[in-house]
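Enquirer: Residue numbers for the sequence shown follow the working numbering, beginning at 27 and rising by one. Where is the CB? At the ideal position from N, CA and C, for every residue including glycine. Attaching a single structure in structure tokens format; questions to follow.
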Amino acid sequence: RLKIESCKKYPDSARARHVEGRTVIRFVIEPDGRVSSLSVIKSSRNRALDNAAKDAVRAASPFLKPPANLFKDKLLLELTILFELA
């Protein structure tokens with residue numbers, strides 16, 4: 027989560043219009059740490075924010091390989107990405 031948050035970029039178009047929102051994404055971490063099957067499962071209702079959430083996951087990839095003794099195959103994750111202007 028921290029790696030994804032550090033890669034998150036607030037879209038200029040959304041910032042200029044003071045748009046905030048939360049996007050729920052689902053993705054798979056493959057055994058080698060790569061991301062696959064990345065999708066938005068609950069939209070923020072703003073395309074720029076939704077795309078920025080997916081871009082953050084892509085930028086954070088690859089992830090550390092999940093421990094083989096805990097995860098024998100792929101790891102499916104759902105994550106809420108919050109876009110909030112302070």
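With a Cβ-Cβ cutoff of 8 Å, do V54 and V45 count as a contact?
Expert: no
Enquirer: CB V66 to CB E104, shorter than 8 Å?
Expert: no
Enquirer: DSSP puts E104 in a beta bridge; with which residues?
Expert: R52
Enquirer: Can you name the start and end residues of the alpha helix (DSSP H) that S65 belongs to?
Expert: From DSSP, S65 is part of no alpha helix (DSSP H) but of the beta strand (DSSP E) over 61 to 68.
Enquirer: Count the other C-beta atoms from every protein chain shown that fall within 10 angstroms of the C-beta of L75, then say buried if there are 16 or more, exposed otherwise.
Expert: With 16 or more Cβ atoms within 10 Å of its Cβ, L75 is classed as buried.
Enquirer: Taking only the alpha-carbon atoms, compute the straight-line gap between R71 and N77 and give it to the nearest angstrom.
Expert: 11 Å
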